[in-house]
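Residue numbers (full-length UniProt numbering): 1 to 1188. Positions of the beta carbon are idealized from the N, C-alpha and C atoms, including for glycine.
Laid out in structure tokens, this is it:
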């Protein structure tokens, strides 16, 4: 291993490299790991600082190189500029010189100077005055010197001893930023940094004495106020009083030197603070072994200062023998060409006396592989060697004590891994030392004892206790339990961290086992005495109590202290036991059964008395007697039959009095006639009874329902619950049971069953019944050919009108009457069911042709259209019928019902009171409608809707007054969908509510945008259609308030359009909502007037501001026809109620003129404009059209 240095950076990086190498080397020496650890942090920090210094040096070198390149580039640019100037001058002079040169016949070179020459627009010389001069060689040299002075990149100047510049080249202007005039006009001493002016004046005095100045460095102020470092070389011309000087800008070099010096200082400080003696010797042959670096630790160890050491050799400070040894080791290191380690070498210290050093010598070479330096690192290991000797002696003593101790000793890591054990511990556990060192303390511990030791172990590691001691069990190699007394201490390292656990174990197995046996014997006896339920008392021959157990204390209600030495009396028992009465402390009298025996107590004869509390038993016996009496009373009073029979003969043993009421026979008669009880069972259920008695023998219990026929012929239902009674050997001896009369319950259940399948109002079969019948019909139809069935789905037309007008009671009466007529219209095999509400379903079975369902439908129509007399009120009603014929494709009843329902809706669309037969096109239309509904829901989420705006025009002025917002659906695949297709579905599904809110919100936003965008002369109104479901929405008012607040439009700018029929659906609700809207100054328009309910009686009550005439009247209006009269009547009515009128559907000039003549206020239609998207509507507003 050898180290090389780059010669150009040697002076800068020697300190850093020395520091880095010595720390790296020491860390590699595993033998001295403690020293390496102490230096690891220093090495890391040094690496970071060295890297930072190298980066800085590299950066500075790059900056110096960049400066050089910049100077070269500037010099090149100046030369090019000079050449260009010369070239331009030559071009300017060429024309003027041409004639002069042609006229000159001399053979010598001339210099022509042109004066007062001028140029034309193209740059050609027009006229000039020229002077021709002979140019000799001296003159040419002068010109060249002048050119050099001007073009030089160095700062050239001529200054006077009076302190002013006399002549300056352009480089001064470039460097300092001042113009030549500014520089010449002021004393140059004022440009020099104040700190260096005195030195500059001294240097000027030297020049005045005729001495030369070489590389004099000082700082000059620039125009920006900063300073640049310049180095000057000057020559005085004393006779003329002038100084000729050349200066170089060395600012960047100075900055680099300052940073390099800072890095050197840092590295020197790092080396000085290392805990090792670091010194460097010269490796070059002519100055070999001279000391060139000596850190602070060297001064401390050797007692030699850096001033004394640097430049000297070891021969000047150490004895000849030591110095010669050092010198030879230096030679050997360079000869080996690799680091040399000297584990121990002696050195005499001036301050510390003889010291023992551990030294490493590292040779350093230059790029030519020539010896340059010898890096030496020495550690003072004197104290460590002494400590090692002492430790070695101590360890030997410990080893002898550890190995030969009769007590088991083990050393473990803080985690419990065994690292050393003595012979006694190995023998104790039955393992060899090698086997033990593969185990942990926990492996040897009895599992149940770990929980006791772990908390102590944790406290020891945490420093909460100094040691712990406990008895514990160990498991030996043979699996035997060893009892040991364990004492554990903790050894900590220099950082006070846990290093090792030291445990001492004494085998106490024999002593512990003897103590355990004694404790177990005493514990058993104690547990018996204390846990036995009988009271135990020991009394002496004088009758005094000497001992009493807890059960005895409880018996007397007193403590042992209270009872000891109390006189109990000498017991006497006639026989084995006797009963005595004891007075408890709470005065309760206790009955006890007493036994007596003789024992030896405290070496004297005594009596052992056993007392058993039989008070509860006595009470139970009494309670049992009373219970038997109560049971007899209960059995006599309950209504269920309680019976008991012999398990072998089945003869009755017991019957309670309820038997007579249930069976209609006396108990005596049933007990006397053995077969009578069985003969009363219904003949159809006797086999069931036999089976259940057999089950009693097999399983031991049984439950069943059966019937009996009483002597008077009445049939009763009984529910029996019975079980088998066994003797101690498991042999059946009796069957016992309870039979409950469930006749009424059975009747109730049958009624519930009927109700589950029938409609409570009409008593017709219900939906469940019909579905089951349809299921049967489908199965039958699959197995039979040429046999069909059909389903008729009936829905009453306008039944809601009857309910709303005449009330629900009349409505129910009408449904009952319709059900009766339908029954009479159908033959027996067919099934009529009420499907729900005003819907009925008929299943026609075993039909021979498809004409039969049609005839049945026609007959039903004929029957149902007859008037109904309900409480004196004559009512007419019709029904729409959908017919679905059986088909093999039907699998589930719901499928044919679905198709019949679809056909019924088709019949309603064709006109009320008709019927329709299902075909596949209906299904496809229904599926299409379903898909449209799904897509409609998705369209709301995906925001696929947009608004078009149809203009509303004032017929008096012809100008635009507002727009009606009309929704369109921009389908991603189908394109623009008309509201005619999706609005009805939205109404049915309730989607119209969120859709309507969105329309109102978007329309108001658009109106606000137009108001801000255009300077409107007249305010515009936006009309929005309101659906019936929105009108029933309890949050409608809140939503409109929120929209007005968000958009900021005036409420009077919003007009809500409502149809007649919508208002008449619920007059009260509509009225309240309309009033609230008008309170907010929102305009209300009655849309499609004249096409809905006849609401003339209500019209004056509603707070409507505008009536809109339906397009059906306007489009067919001709002068003098009925439609024109209707329009006239509507306008007249509206005006009489102080309402304005808007006509929709205006498409011709004639229609417009008629409306104007009838004084209709506003109109809309294709005559004015079709509905427009927002952008086109905005264009229309901006155009401000007039249709007058």
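Inset, instruction - Check the DSSP bridge columns for residue 947 and list the partner residues they point to. - result: In the chain shown, the residue the question calls residue 947 occupies position 947. Note: residue 947 sits in a beta bridge opposite 967.
Inset, instruction - Compute the Euclidean distance between the alpha carbons of residue 234 and residue 188, then round it to the nearest angstrom. - result: Position 234 of the chain shown, counting from 1, holds the residue named residue 234. Position 188 of the chain shown, counting from 1, holds the residue named residue 188. One C-alpha to the other measures close to 15 angstroms.
Inset, instruction - Could you check what DSSP says for residue 267 in three-state terms: helix, strand or coil? - result: Taking the first residue of the chain shown as position 1, residue 267 is located at position 267. If DSSP states are grouped into helix, strand and coil, residue 267 belongs with the helices.
Inset, instruction - With DSSP as the reference, label residue 414 as helix, strand or coil. - result: On the chain shown, residue 414 is found 414 positions in, with the first residue counted as 1. The answer is coil: DSSP assigns residue 414 none of H, G, I, E or B.
Inset, instruction - Please go through the stretch 1022–1091 and give each complete alpha helix (DSSP H) segment of 4 or more residues, from N-terminal end onward. - result: 1028–1031, 1036–1047, 1060–1065 and 1067–1079
Inset, instruction - Answer yes or no: does any C-beta atom of chain D fall closer than 8 angstroms to that of residue 432? - result: No chain D is present in this structure, which holds just one protein chain.
Legend entry - Three-state secondary structure (DSSP) of residue 1189: No answer is possible for residue 1189: it lies beyond the span of the chain, which begins at 1 and ends at 1188.
Legend entry - Beta carbon of residue 406 nearer than 8 angstroms to that of residue 461: Against the chain shown, residue 406 aligns to sequence position 406. Against the chain shown, residue 461 aligns to sequence position 461. Result no, Cβ atoms of residue 406 and residue 461 do not sit closer than 8 angstroms.
Inset, instruction - Give the secondary structure of residue 354 by DSSP, where H, G and I count as helix, E and B as strand, and everything else as coil. - result: For the purposes of this step, residue 354 is taken as the residue at position 354 of the chain shown. If DSSP states are grouped into helix, strand and coil, residue 354 belongs with the strands.
Legend entry - Span separating the alpha-carbon of residue 915 from that of residue 1138: Numbered from its first residue, the chain shown carries residue 915 at position 915. Numbered from its first residue, the chain shown carries residue 1138 at position 1138. Near 47 angstroms, if we compare the C-alpha coordinates of residue 1138 and residue 915.
Legend entry - When 278, 571, 318 and 1133 are compared against residue 299, the one with the closest alpha-carbon: Translated into positions along the chain shown, residue 299 becomes position 299. Residue 299 has its Cα closest to that of 278, out of 278, 571, 318 and 1133.
Inset, instruction - Use the C-beta contact count for residue 1157: other C-beta atoms within 10 angstroms, 16 or more gives buried, fewer gives exposed. - result: Numbered from its first residue, the chain shown carries residue 1157 at position 1157. Exposed: under 16 other Cβ atoms inside 10 Å.
Legend entry - Cβ neighbour criterion (16 or more within 10 Å) applied to residue 190: Your numbering for residue 190 matches position 190 in the chain shown. That one is exposed.
Legend entry - Own chain residues within Cβ distance below 6 angstroms of residue 218, not counting five before or after: One-based indexing of the chain shown puts residue 218 at position 218. Hits under 6 angstroms: 192, 196 and 200.
Inset, instruction - Please classify residue 485: does DSSP put it in a helix, a strand, or coil? - result: Position 485 of the chain shown, counting from 1, holds the residue named residue 485. Strand, per DSSP.
Inset, instruction - Put residue 905 into one of helix, strand or coil per three-state DSSP. - result: For the purposes of this step, residue 905 is identified with residue 905 of the chain shown, where counting begins at 1. Helix.
Inset, instruction - May I have a chain-ordered list of the beta strand (DSSP E) segments no shorter than 3 residues that lie completely inside the UniProt domain "GGDEF" (787–920)? - result: 788–796, 831–836, 839–847, 868–870, 873–875, 879–885 and 915–917
Inset, instruction - Spatial neighbours of residue 867 within its chain, please: CB distance less than 8 angstroms, with the 5 preceding and 5 following residues excluded, ordered by chain position. - result: Sequence index remark: in the chain shown, residue 867 carries index 867 (1-based). Closer than 8 angstroms at Cβ, skipping near neighbours: 874, 875 and 876.
Inset, instruction - Tell me whether residue 607 is buried or exposed, calling it buried when 16 or more other Cβ atoms sit within 10 Å of its Cβ. - result: As a working note, residue 607 is residue 607 in the chain shown. Burial call: buried.
Legend entry - C-alpha distance - residue 1077 paired with residue 851, whole-angstrom precision: In the chain shown, the residue the question calls residue 1077 occupies position 1077. In the chain shown, the residue the question calls residue 851 occupies position 851. Straight-line Cα distance between these residues: approximately 57 angstroms.
Inset, instruction - Count the other CB atoms, across all protein chains shown, that sit within 10 Å of the CB of residue 1085; report buried if there are 16 or more and exposed otherwise. - result: On the chain shown, residue 1085 is found 1085 positions in, with the first residue counted as 1. With 16 or more Cβ atoms within 10 Å of its Cβ, residue 1085 is classed as buried.
Legend entry - Residue burial classification, residue 86 (beta-carbon count within 10 angstroms, cutoff 16): As a first step, residue 86 is located in the chain shown; it is residue number 86 there, counting from the start. The predicted model places residue 86 with a pLDDT of 46, which falls under 50 and marks its position as unreliable; any figure quoted below should be read in that light. Classification of residue 86: exposed, given that the 10 Å Cβ count is below 16.
Inset, instruction - May I have a chain-ordered list of the beta strand (DSSP E) segments no shorter than 3 residues that lie completely inside the stretch 383–452? - result: 408–412 and 418–421
Legend entry - Alpha-carbon spacing of residue 468 relative to residue 457, whole angstroms: Start at 1 with the first residue of the chain shown, and residue 468 comes out as number 468. Start at 1 with the first residue of the chain shown, and residue 457 comes out as number 457. Each residue's Cα considered, the two are about 8 angstroms apart.
Inset, instruction - Look up residue 1169 in the DSSP assignment and say whether it is helix, strand or coil. - result: Taking the first residue of the chain shown as position 1, residue 1169 is located at position 1169. Looking at residue 1169 - three-state DSSP - the assignment turns out to be coil, as it is neither helix nor strand.
Legend entry - Nearest-angstrom beta carbon gap, residue 722 and residue 736 [assumed within contact, 8 angstroms]: Translated into the one-based positions of the chain shown, residue 736 becomes position 736. Translated into the one-based positions of the chain shown, residue 722 becomes position 722. That pair is a contact at about 7 angstroms.
Legend entry - Beta-carbon spacing of residue 790, residue 949 below 8 angstroms: Sequence index remark: in the chain shown, residue 790 carries index 790 (1-based). Sequence index remark: in the chain shown, residue 949 carries index 949 (1-based). Their beta carbons are not under 8 angstroms apart, which means residue 790 does not touch residue 949 by this criterion.
Legend entry - Continuous beta strand (DSSP E) assignments of at least 3 residues falling wholly in the UniProt domain "PAS" (263–345): 277–282 and 291–294
Inset, instruction - For residue 530, collect the residues of the same chain with a Cβ closer than 7 angstroms to its Cβ; drop the 5 residues on either side in sequence, then sort them by chain order. - result: The sequence position of residue 530 within the chain shown is 530, counting from 1. Excluding sequence neighbours, residue 530 sits near 549 and 550.
Legend entry - Span of the alpha helix (DSSP H) around residue 682: Along the chain shown, read from residue 1 onward, the residue named residue 682 stands at position 682. It is not in any alpha helix (DSSP H) - residue 682 carries neither H nor E in the DSSP assignment.
Legend entry - Inter-stretch contact (C-beta, 8 angstroms, three-pair minimum) for the stretch 520–529 and the stretch 573–589: no
Inset, instruction - Give a yes or no on contact between the stretch 1147–1164 and the stretch 931–944, applying the rule of three or more CB pairs nearer than 8 angstroms. - result: no
Inset, instruction - Would you mind reading off the limits of the alpha helix (DSSP H) that contains residue 547? - result: Start at 1 with the first residue of the chain shown, and residue 547 comes out as number 547. From DSSP, residue 547 is part of no alpha helix (DSSP H) but of the beta strand (DSSP E) over 545–548.
Inset, instruction - Report yes if the C-beta distance between residue 302 and residue 350 is below 8 angstroms; otherwise report no. - result: Here residue 302 refers to the residue found at position 302 when the chain shown is read from its first residue. Here residue 350 refers to the residue found at position 350 when the chain shown is read from its first residue. Yes; because the gap between Cβ atoms is below 8 angstroms, this pair is in contact.
Inset, instruction - Enumerate, from N- to C-terminal direction, the unbroken beta strand (DSSP E) stretches of 3 or more residues contained entirely within the stretch 709–787. - result: 715–726 and 732–741
Inset, instruction - Answer yes or no: do residue 1108 and residue 1132 have a C-beta to C-beta separation smaller than 8 angstroms? - result: As a working note, residue 1108 is residue 1108 in the chain shown. As a working note, residue 1132 is residue 1132 in the chain shown. No, these two residues do not count as a Cβ contact at 8 angstroms.
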